[in-house]
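Data first, discussion second: the structure below is written as structure tokens.
Chains as they are written, first to last, in my numbering: chain A, 6 to 176; chain B, 61 to 231.
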């Protein structure tokens, strides 16, 4: 069990992308309590793009609804733009959207983990441990590039939990 | 780190062509499984911090409700889609924060409103009265500081809103 370990997150850098100042502050304090102090912020996708070019974070936590550039557009750029400085960076989509259609589309534009708001410290910790201990391979097809979609932690998924296994990809 | 190109897709490929890209787990080197905080204590500390932010959240909730009322008035008077857009985005954010700070009724009311706006067919106009009912319900939660699931009356109000939305959508 991952929780038996005492992961030392002190060297991990995280970029938080959220248009709500209050939410940014909440996440900063939560991450700090979990031992993560290298945290930077952006209020939308355009700001985040500047930040990743400067910082190259180890993990990005990204909201969905933002202006002028929203989360989905930013994630697509990170994965697909020829100039992306870190197309393989793990991206946690943190959003109030939990409807199946939204979650599925988030999976299809290349997020690594999905975390539903309201955010709970335990879930946030679990996602970070998952990213570090059990990274997902990337998959390239004619129409997709991103983390293997068969291992995404979907809130709507109620089948068998096979996250720990490395299943062979079926396209 | 040098930029990594997007893997090419071969011009001559079968329908099932795909490439699985396994990468070295650099994050595991950066985040050792020992030497960090005890996860249970770190999570408890993070939750405690969220608890301390509650007072700030309450202030913000009051300000957000004032803004909702202003957007609602503007929409009622002008039917300006930008006012509705601002209203939706604000409620969407509020919905994401409510449960984090112990006010799940704000999340429930927000969810009801977001469902209404998202599922209403494009050719139909959002009803100002239904906006008012949702904003008024949030105001009651705020003014009476109704934490948790609230009493039977609070539950009945949330259910009545969800019913009103269902009726409106099925018209």
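Beta carbons are placed, not taken as given, at the ideal position from N, Cα and C, and that holds for glycine.
Note that the structure is predicted; figures quoted are calculated from it, not measured.
Within the region 88-115 of chain A, the alpha helix (DSSP H) runs of at least 4 residues that lie entirely inside it are, in chain order, 105-113.
Straight-line measurement puts the Cα of residue 148(B) at about 11 Å from the Cα of residue 186(B). When beta bridges are read from the DSSP output, residue 128(A) appears opposite no residue.
Contacts between residue 137(A) and chain B, judged by CB atoms closer than 9 Å, involve 85, 87, 88, 90, 91, 93 in chain order. By the C-beta criterion, the region 69-80 of chain A is judged to be in contact with the region 44-56 of chain A, since at least 3 inter-stretch pairs fall below 8 Å. With a threshold of 8 Å between beta carbons, residue 42(A) makes no contact with chain B.
The DSSP-derived three-state label of residue 14(A) is coil. About 6 Å separates the CB atoms of residue 130(A) and residue 39(A); that is less than 8 Å, so the two are in contact.
By the Cβ neighbour-count rule, residue 36(A) is buried, with 16 or more other Cβ atoms within 10 Å of its own. In this chain, residue 145(A) is not harboured by any alpha helix (DSSP H); it is covered by the beta strand (DSSP E) spanning 143-145. When the alpha-carbon of residue 103(B) is set against those of 82(A), 34(A), 30(A), the nearest one is in 34(A). Under the Cβ criterion of 8 Å, residue 105(A) is not counted among the residues facing chain B.
Short of 7 Å from the beta carbon of residue 29(A), and not among the five residues preceding or following it, lie these beta carbons of its own chain, in chain order: 21, 23, 46. DSSP places residue 45(A) within a strand segment (E or B) once states are collapsed to three. Buried is the label assigned to residue 105(B), since at least 16 other Cβ atoms lie within 10 Å of its Cβ. Within the DSSP secondary-structure output, residue 152(A) pairs in a beta bridge with 143(A).
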